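Novice:
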Amino acid sequence: MKKLSLVLGLMLLAIGSIIAQQTVTGKVTDQSGEPLLGASILVKGTSTGTVTDIDGNYSIMIPAGANTLVVSYTGFNSQEIAVGNQTVVNITMEEGVTLSEAVVTALGVQRDEKALGYAVQEIGGDQVNLTNDVNFVSSLSGKVAGVQIISSSGASLGGSAKIRIRGVNSLTSGDPLYIVDGTPIANENFSSTDGGADYGNLAADIPSNDIDKISVLKGPAATALYGERAKNGVVMITTKKGSYGKKGLGVTVSSTVTADRVYVLPEYQNEYAGGYSQDFSEVVDPIDGQTYRALNYSADESWGPKMDGTTYRPWWSWYPGTPEYGTTIPLVSNPDNVRDFFDTGITNINSVSIDGGSETTGFRFGFTNLNQSGVIPNSDLDRNSLNVSVRSKLAERLTFGVNANLVFTDGKGRPEFGYSTRGGNPVNSFNQWFQRQLDMTRLADYKNPDGTFRSWNIRSNTDPRPLYWDSPYFSVYENVRTDGRDRYFGDINLNYELADGLNISGALRRDNFTQRIEERVASGGLEEPWYREFVANGTEDNYELIGSYQKSFGRISLDATAGGNIRKNNYHENASATVGGLTAPNLFNTGASVDRPSVTSEVREKTVRSLFGSATVGFNSLAYVGFSLRNDWSSALPANNNNYLYPSVSGSLIFSELINSSWLSFGKLYGSVAQVGADLDPYLTNSVYNFGVAPYGSSSTFTVPNLLPNQTLEQTLSTSWETGIDMRMFNNRLGFNLIYYQGATENDILQVQIPSASGYDQALVNAGRIETKGFELALYGTPIETSNLSWDISVNIARNRSTIEELYGDLTNYKLADGIGGSRWGGFTVNARLGEEWGLANGRGFTYDDQGRTIITPSGGYVVTSNKNLGSILPEYTGGVLNTLNFKGFTLRAMVDFQVGGQFFSTTRMFNAYSGLGIETVGNNALGNPVRDPIVDASGNVIVDADGAPVSNAPLSEVGPASGGVLVEGVSESGEELSVLVDPVSYYGSLFGVHEKWLYDASFVKLREVSIGYTIPKKALGNLPVQSLNFSIIGRNLWLINSNVDGIDPSEILPGANNIVFEERGGLPGVRSIGAKLTVGF
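Residue numbers for the sequence shown, in the numbering used here: 23 to 1104.
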């Protein structure tokens, strides 16, 4: 509240200090006098802009030192108009040859697109806000060429989404820098990489309702002014602002509600029940003495009896003293039992914004409440966001501004993701250790009358305690985790006009967050009761001073910027957890730890000082040359080696100005070369001792780290060049932008293994060189455009390749990540291997002879090799298609995104088969018999071994026509052809940990978003106090059109905080959202 009071106080001070200044109003029309809705009005050389309303009217305040309006509209020539002393400027747009739009570039400055010699792609807030995704990052999927979005499932309750721009350009990967209204913001993620909840990346705190536009700066030339933070690109977000000179207040109210349902699940078999064999057990009831058929309740697999209606005693009938005791029921399938576990989630997003202004000020207040009940029972998310923007003229040449964002988030019951033995991820049980006949309504009744807990996985008919797994409802209702995050980010800025075209501005920027997490395991379950609390606070302060100069000298134009910045980062983290259980049941406090609790603390501080400058020189609006230079001094690097320069050079040629053609509307050739860098975390160049776990007597202990510091470390450097062509034709009805780029990153900061005799296990070194190259193509057109009907389509496709050219010394392979299960599951890894593409998957795989035939053993087992090259995890192509149809007041938008190539390992599919849950474990074999039938001889007798037990395999030549089993064909190591029938338990058991079998192509095509809306004409609103009204039906994640793996969405396998996405770790299911949105303007 103190922060909010400060912001409001400064805002009131600004409003109270405003004095008269020049405000320009007017109307924008075409040559026939028809008003143009949505024409862009930009004050040249500033970030001040507006758009025309439905009647073509606009109002804009001219900041000190500015005097020129840049007006643009699709299909018309852009115009630059000198305002002078005019207060009313009406503009007539001409259909013509050149359209050049203003885009947001580095440092938040809007520049004429034709002057840029590098790639910047901008999308409007209407595209971001199309279906109101809980995490706005996910809404960028398929909309920006060269940008890959990898998300977590919608079931994760506001989970993470990762942006990858132009593939991977360093050995260790990384995230882009996020900038909101000029303020850098953190994008930390407090999820673990496996077996924990996903608390979302911090960039998700930005409500999509407040976003006006997003500019994605891709290459080093576009990002060079951000220096050591720019290696992975920059995502620049501009929030909505108020209008200068507006009479009265404008109020916009928006309400969105969606129903969220699980829609992507594996296909399960519904023929066989739980157990390790198809035989029923015959058990005696200790109370009535009768004998009953029973399943093997302690088994957590589904290789049991056929579900044919045979009467048996279910697990819940063995609890003495309950009404169900002794009940018998027919053994039948429950095909929808997994789907029945999930709720229909409801997401409500309600927002209100107020904007207005006077002759000297413009302001906007926006408030958004997001409330989501998850598809996982007993889970919900609540987020309240306040956005404030104020700009005001305090004196003739002095302008003041405030941008403030406050976000308060509370979550409950976020599910775990990945493979977890704690049962925190219920899908972990359903897809990996479960019985297919189970009824969810019985599992929901997880408490006995005496308060103890029960579950399906009972030890025996006389001991109904759970053996391996608690009820999934126990997990979601008793092991409840909670989390909260308080966030503030924004700036206070001043701009002073020293002379015409010469301005100096200063800004104080801050991003601050406090993250709180409480996790618990309840008493009475299978796991030891446990409690953990975690608190982290991060602050980044930026002190910025910038001078700018814009001037035209006849045909020569100059746009120059110079400035400096001081950045200070502070991070504090405290975590504590119980050890050995709780001293009292469900006393969730670290003070209730049976043994000495585990306590950790971390402090990080870092300062970066920077100077920077840029200049763009234009000639006759035909050719432009731009330069930039930035110098960073980082406290994280050694004192004698902490100073680095980052230069860039770019140029553009507007060749359409040289060609007199009726079909060519605009044409530009452009190119650039630049260098940016990457810093490192603090305290890695000197030894830092850690607190020990146990004290020595009454004294604290310290431990020596295993990582050898390096005082000669240098900054990572990325050098890249790009060239492109931007063409628009037929009065801008058709256009494309094609870019080709190449780059190299050197001196990555890596941890390499060293001999333990040194006293350390690893050392930090500068090493490696990774080369990237690729292209991006954006196509857009308007095939239909009439007075009542228009059809706009945009298509983008991109390809990137990243190749390892150097590593360290004689090292030929650098391990990037270990797969789930480690060596227990065969040692799946992702690597940077010399001469290969980044992200090479290595693991256990099949062997083949020189003719490509699979090598097997006489018993039908596969001959497996370890550390096999299984290909890269990176996609070959990414892209998307956006269609927009307008018919009178109706608008239809549909977004399809796609990916071609890449690979991922699926834990779900492996366990589905291993545990007899998946559809692949049933069906008929090559002989036409059920694969789960026994292997029999020609007389139909079960073939047995020397001990009288049924065999698990037999040569096809020795079995009868009624035999079951899976047919395995291949050749022996000597080349002999083999055909063997193997029982499915043995067959899928032998494939456990054979990664090649469960490695899937990550290609997909997905109908990501659809919106069908209607805007009521203003005339139809009559005398109502309503300026605009729009109603839309919206849908998100509607249809996974194509995927190469059943029941898994390759676009939603992000494992929490992991930067390297290569595994589906028993993840949560895909979620489809359908709802409605109402927006009313007053």
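Think of the CB as a built atom: it goes at the ideal place given N, C-alpha and C, for glycine as much as any other residue. Quick caveat, the model's predicted, so the values are computed rather than measured.
With H, G and I counted as helix, E and B as strand and the rest as coil, what does DSSP make of Q43?
Specialist: At Q43 the pLDDT is 47, less than 50, meaning the model places this residue with poor confidence; the figure from the coordinates comes in the next sentence. Q43: coil per DSSP, three-state reduction.
Novice: First and last residue of the alpha helix (DSSP H) that includes L465?
Specialist: Its alpha helix (DSSP H) spans residues 462-465.
Novice: By the 10 Å Cβ neighbour count, where 16 or more other Cβ atoms means buried, how is I172 classified, buried or exposed?
Specialist: Label assigned to I172: buried.
Novice: With DSSP collapsed to three states, give me the class of D919.
Specialist: The answer is strand: DSSP assigns D919 an E or B state.
Novice: Could you tell me which of P488, V993, R821 sits nearest to V169, measuring between CA atoms?
Specialist: Selected option, being the one with the closest Cα: R821.
Novice: Thinking C-beta only, is A183 closer than 8 Å to V166?
Specialist: Going by C-beta atoms, V166 is not nearer than 8 Å to A183.
Novice: Taking the continuous alpha helix (DSSP H) assigned at V449, which residues delimit it?
Specialist: First-last of the alpha helix (DSSP H) with V449: 448-454.
Novice: Do G388 and D232 have their C-beta atoms closer together than 8 Å?
Specialist: The answer is yes: Cβ separation under 8 Å.
Novice: According to the Cβ coordinates, are Y510 and N427 closer than 8 Å?
Specialist: It is a contact, given that the beta carbons lie within the stated cut-off.
Novice: For W340, count the other beta carbons within 10 Å of its own beta carbon; 16 or more makes it buried, fewer makes it exposed. Which is it?
Specialist: Buried.
Novice: For W685, count neighbouring Cβ atoms within 10 angstroms of its own Cβ and tell me buried if that reaches 16, exposed if not.
Specialist: Its Cβ having fewer than 16 others within 10 Å, W685 is exposed.
Novice: Do T278 and N154 count as a contact pair if the criterion is CB distance below 8 Å?
Specialist: Against a cut-off of 8 Å, the Cβ pair of T278 and N154 comes out as a contact.
Novice: Assign Q10 to buried or exposed, taking buried as 16 or more other Cβ atoms, counted over all protein chains shown, within 10 Å of its Cβ.
Specialist: This structure cannot settle anything about residue 10, because the visible part of the chain is limited to 23 through 1104.
Novice: Do the CB positions of Q773 and S742 come within less than 8 Å of each other?
Specialist: The answer is no: Cβ separation not under 8 Å.
Novice: CA-CA distance, H1017 and N908?
Specialist: Taking the straight line from one Cα to the other gives about 49 Å.
Novice: Within a Cβ cutoff of 7 Å, which residues of the same chain sit near K136, ignoring the five residues on either side of it in sequence?
Specialist: Closer than 7 Å at Cβ, skipping near neighbours: S122, S674, I676, K690.
Novice: In the region 663-689, which residue ranges form an unbroken beta strand (DSSP E) of at least 3 residues, counting only runs that do not cross its ends?
Specialist: Runs found: 665-675.
Novice: Can you pull the DSSP bridge partners for Q537?
Specialist: Q537 pairs with R507, A558.
Novice: Between the alpha carbons of L524 and Y518, how many angstroms are there, rounded?
Specialist: Rounded to the nearest angstrom, the two C-alpha atoms are 9 Å apart.
Novice: Between the alpha carbons of R188 and G796, how many angstroms are there, rounded?
Specialist: C-alpha separation (whole angstroms): 8 Å.
Novice: Helix or strand or just coil, what does DSSP make of T215?
Specialist: At T215, the pLDDT of 48 sits below 50, so the modelled position is not reliable; the number obtained from the coordinates is stated separately. Here T215 sits in coil by DSSP.
Novice: From this set, L465, T109, S994, which residue's C-alpha is nearest I878's C-alpha?
Specialist: Comparing Cα positions, the closest option is S994.
Novice: Which residue wins for smallest C-alpha separation from E541, given the options W860, N754, P551?
Specialist: Of W860, N754, P551, the residue nearest in Cα terms is P551.
Novice: To which residues of the same chain is M23 closer than 6 Å at the C-beta, ignoring the five residues directly before and after it?
Specialist: Only weak support exists for where M23 lies, its pLDDT of 45 falling under 50; the value from the coordinates is given anyway. Nothing meets the Cβ criterion.
Novice: Pop quiz: F439 and L1021 are said to be a contact at Cβ under 8 Å. What is the actual Cβ separation, rounded to whole angstroms?
Specialist: Contact flag wrong, Cβ pair sits at about 20 Å.
Novice: Quick one: Cα of V119 to Cα of E102, how far?
Specialist: With a pLDDT of 43 at V119, under the threshold of 50, the modelled position of this residue cannot be trusted, and the question is left open.
Novice: Do you know whose CA, among N483, N788, A863, lies nearest D310's CA?
Specialist: It is N483.
Novice: So does the region 1063-1071 actually touch the region 188-199, counting three or more Cβ pairs closer than 8 Å?
Specialist: Result no; under three Cβ-Cβ pairs closer than 8 Å.
Novice: If you draw a straight line from the C-alpha of N732 to the C-alpha of M258, how long is it?
Specialist: Cα to Cα, N732 sits roughly 34 Å from M258.
Novice: Which of the three DSSP states is assigned to V1007 in this structure?
Specialist: Correct three-state label for V1007: helix.
Novice: Under DSSP, the alpha helix (DSSP H) around Y936 begins and ends at which residues?
Specialist: Unbroken alpha helix (DSSP H) run through Y936: 929-936.
Novice: By how many angstroms is the C-alpha of G992 removed from the C-alpha of G867?
Specialist: C-alpha separation (whole angstroms): 15 Å.
Novice: For P242 and S670, which I take to be in contact (beta-carbon distance under 8 Å), what is that distance rounded to the nearest angstrom?
Specialist: Confirmed, about 7 Å.
Novice: Measure the alpha-carbon distance for S1033 versus W813 and round it to whole angstroms.
Specialist: Between S1033 and W813, the C-alpha separation is close to 15 Å.
Novice: Under a three-way DSSP split, which group does L833 fall into?
Specialist: DSSP places L833 in coil when its eight states are reduced to three.
Novice: Residues in its own chain within less than 7 Å of M462 by CB, not counting five upstream and five downstream?
Specialist: Only N359, D362, F363 meet the Cβ criterion.
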